[in-house]
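Colleague: Converting from the sequence shown to the working numbering requires adding 930 to each position, the first position being numbered 1.
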Amino acid sequence: MLARASFLHRTCSTFRRRCYSAAAIPDYHPKVRAIPFAFSPDVAITHVGVTAALIAKTYSSPAMKEEWGRLIGSFFAKYFSWAGFKAIQPERMQALYYPSWCIDAEAEAKAWFSDTEDRPESVTVQFRHAELPGLGMELGRISLRGENPLYEHTQSFSSSLTRQHGVEVHCLPYNIDPLELLSRVDNLSYGPVRVDDQFRFDPRSIKFNLVAAYPVLLPVYVLQYVPMGPYPRVTIIVEAHSEPGRHYVHFVGDPNLRRLPAQEYLDDEDFIPNVSPSKCRFSPHLIAPRGHADISEELCSWMSTFFEDSDAAPQLTSKKPVNMADHRVREWTKEEVLPVQDWMQLGEDVVRLRGMIKVQSGRNSLSGWLSHLVDSVQYRRRSNQGHPVSP
931 MLARASFLHR TCSTFRRRCY SAAAIPDYHP KVRAIPFAFS PDVAITHVGV TAALIAKTYS
991 SPAMKEEWGR LIGSFFAKYF SWAGFKAIQP ERMQALYYPS WCIDAEAEAK AWFSDTEDRP
1051 ESVTVQFRHA ELPGLGMELG RISLRGENPL YEHTQSFSSS LTRQHGVEVH CLPYNIDPLE
1111 LLSRVDNLSY GPVRVDDQFR FDPRSIKFNL VAAYPVLLPV YVLQYVPMGP YPRVTIIVEA
1171 HSEPGRHYVH FVGDPNLRRL PAQEYLDDED FIPNVSPSKC RFSPHLIAPR GHADISEELC
1231 SWMSTFFEDS DAAPQLTSKK PVNMADHRVR EWTKEEVLPV QDWMQLGEDV VRLRGMIKVQ
1291 SGRNSLSGWL SHLVDSVQYR RRSNQGHPVS P
């Protein structure tokens, strides 16, 4: 059963952020697309039932019998649906459209790969299908999109999407502008920014060769469970863009309540995924110079530390309306995405060919042929500079 605006207010207080009336649909720009909910609230409840029953267990004697009954019922409801069992039911549930950005970008900067280097090297980093939050609330600290590009499953937002699977969908507005964030990159530090013990870069030297920002609304179910006794509520966030899969558990600390046993093993005031993602949501990829594959992982860790910090939202939130009219903001469609991906792939091809030229420098004929090929690829890339996402 869908909770009304009063419930939404209480749920949003869990995230310690401003809430919005369920009746108020943001005036989304025509470029904003949405992924329809792939399954119903009942499917979401059944999917996370075992997790909810385990996390909410108090192991206290008065509640032991009922808690075991909830756990067993949730297990059979999920894995033996024909048996007629029901999963543990949440006290409150809300279907949300969370605003997000998919980012494709290529940037150059001056960097050092060790403390012993005096002169910096020029590095080129690409970001393909990077996931950035679109709203400054705690949900933005976690990945809600999954690893695979989903633009083929999106559709232009319309009022018909505000009710799906028999429930109303609460739509959240955008207040994070990725293009404004990029304009502030050179103010990260007056000196080099250290990513790890060895690698550092000069933020004032950053130059973006290409930026494409695609606004997309991600479907999410937020379920809240109440343990038996004086314990804090448990919130579970379920990704709803495809088959039921990843979900997160969130505890809200309350000094007036006892801690759940599960909190002794899991991080307080954090989002704990049921499975760890195998790919970085920001997807940085160092394409030049070659031979530093580990730097991509270090960049991912550094970006995660910044964007997923509990105090990051105020730093990310734009002080003025998000400029969706900017030519670098595009619809997340195949027609818009593929030309950008082709352009970025050409850049990676140039780097690889230059590496081959360096290896074959002693063979004049082959080296000359490779140089001609590099010139051809670079020409194709320059000819596409008129694409709307070029700076």
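Heads up, the beta-carbon is just placed ideally off N, CA and C, and yes, glycines get one too.
1) D972 by DSSP, collapsed to three states: which one?
2) Rounded to the nearest angstrom, what separates P1142 and P1160 at their Cα positions?
3) Return the bridge partner residues of S1030 from the DSSP annotation.
4) Can you list, in chain order, the residues of its chain with a C-beta nearer than 8 Å to that of E997? Leave out the 5 residues immediately preceding and following it.
5) Using the rule of at least 16 other Cβ atoms within 10 Å of the residue's Cβ for burial, across every protein chain shown, is S1089 buried or exposed?
6) Along the alpha helix (DSSP H) that carries I1225, what are the first and last residues, could you check?
7) Look up M1158 in the DSSP assignment and say whether it is helix, strand or coil.
8) Starting from A1218, trace the alpha helix (DSSP H) both ways and give me its first and last residue.
9) Does DSSP classify Q1024 as helix, strand or coil?
10) Under 9 Å, do F1129 and A1037 count as touching if we go by C-beta distance?
11) I'd like the span of the beta strand (DSSP E) that includes P960, first residue to last.
12) What residue range does the alpha helix (DSSP H) around Y1009 cover?
13) Excluding the five sequence neighbours on either side, which residues of its own chain have a C-beta within less than 6 Å of the C-beta of A993, listed in chain order?
14) Using the Cα positions of V1097 and V962, report the straight-line distance between them to the nearest angstrom.
15) If T1092 sits next to I955, beta carbons under 8 Å apart, how far is it from one beta carbon to the other, in whole angstroms?
16) For a test of the three-state rule: what should DSSP assign to A952, helix, strand or coil?
17) For W1042, write down the residues that DSSP places opposite it in a beta bridge.
18) Use the C-beta contact count for A1035: other C-beta atoms within 10 angstroms, 16 or more gives buried, fewer gives exposed.
19) When the distance is taken between beta carbons, is D972 closer than 9 Å to A1039?
20) Less than 8 Å between the CB of L1112 and some heavy atom of the ligand MG, yes or no?
21) Whole angstroms is fine: what's the gap from L1300's alpha carbon to L1026's?
22) Using DSSP with H/G/I as helix, E/B as strand and the rest coil, what is R1093?
Modeller: Taking the geometry as given:
1) helix
2) What sits at residue 1142 in the sequence shown is Ala, not Pro. Cα to Cα, the separation comes out at about 49 Å.
3) DSSP, once it has assigned bridges, lists P1063, V1146 as partnering S1030.
4) Same-chain partners within the cutoff: A983, A986, K987, T988, Y989, M1158.
5) So S1089 counts as exposed.
6) 1223-1237
7) coil
8) First-last for A1218: 1214-1218, but that is the beta strand (DSSP E), not the alpha helix (DSSP H).
9) strand
10) no
11) Counting along the chain, P960 falls outside any beta strand (DSSP E), and DSSP gives it neither H nor E.
12) 994-1009
13) M1158
14) 22 Å
15) 6 Å
16) Note that A952 scores a pLDDT of 49, beneath 50, so its modelled location is shaky; the value from the coordinates is reported in the next line. A952 falls in the coil class under three-state DSSP.
17) R1130
18) buried
19) no
20) Annotation note on the ligand MG: not contained in the displayed structure, which lists no ligands.
21) Confidence in L1300 is poor, its pLDDT being 49 and thus under 50, which makes the residue's placement too unreliable to answer from.
22) Note: R1093 maps to strand in three-state DSSP.
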